[in-house]
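In mature numbering (1 follows the signal peptide of the UniProt record, and there is no 0), the protein residues as written are -21 to -1, 1 to 162.
Now the structure itself:
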């Protein structure tokens, strides 16, 4: 019974994660970023910028990859405290046990499973050694079907079409205005 209550709490908290990501991009805290580039066959450099910072208690490490005026990929690594609803149960479990339970709970959620099937999207939930929730979301903006994404409740309030349509400069500026800085 205790495990079922834990799983229900985890699922409800984790499913709100994507909505929180969109909201967090508008609030400043601590930050930093880095840039790297690679020449492509079309002579336009593929550039990756890393933006980091803390927004609303969530540590961000976002990697934006683009070529010219086109966003190619967005990878978000987010670390936050475990939800209050599960801290009592989490105190008696190892990070590996918690990660296993969270991943099992997510695989039981039909919205998450459907989102994972999308070409160009992946998300992984885990618990760090110091018992913080880590979420890694990877969006390949060249492969992902925006129309399909907008129909899935997992991506509600994520704003994927805004991300895909933005120029790299505008997207990065928006992230910086939200509180992230180049590493």
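Here a beta-carbon is modelled for each residue, glycine too, at the ideal position from N, C-alpha and C.
In this structure, DSSP gives residue 96 a state outside helix and strand, which the three-state scheme calls coil. Pairing residue 162 with residue 29 gives a Cβ-Cβ distance under 8 Å.
Beta-bridge partners assigned by DSSP to residue 115: 56 and 103. Cβ-Cβ distances below 6 Å link residue 101 to 117 in the same chain, with the five nearest sequence neighbours on each side left out; the list follows chain order. Rounded to whole angstroms, the separation of the alpha carbons of residue 128 and residue 99 is 10 Å. Following the DSSP letters along the chain, one finds residue 66 inside the alpha helix (DSSP H) bounded by residues 66 to 69. Taking C-alpha positions only, residue 55 is separated from residue 72 by approximately 26 Å.
Residue 112 and residue 136 have their C-alpha atoms roughly 21 Å apart.
In this structure the region 43 to 51 lies against the region 144 to 154, because at least three pairs of beta carbons, one per stretch, are closer than 8 Å.
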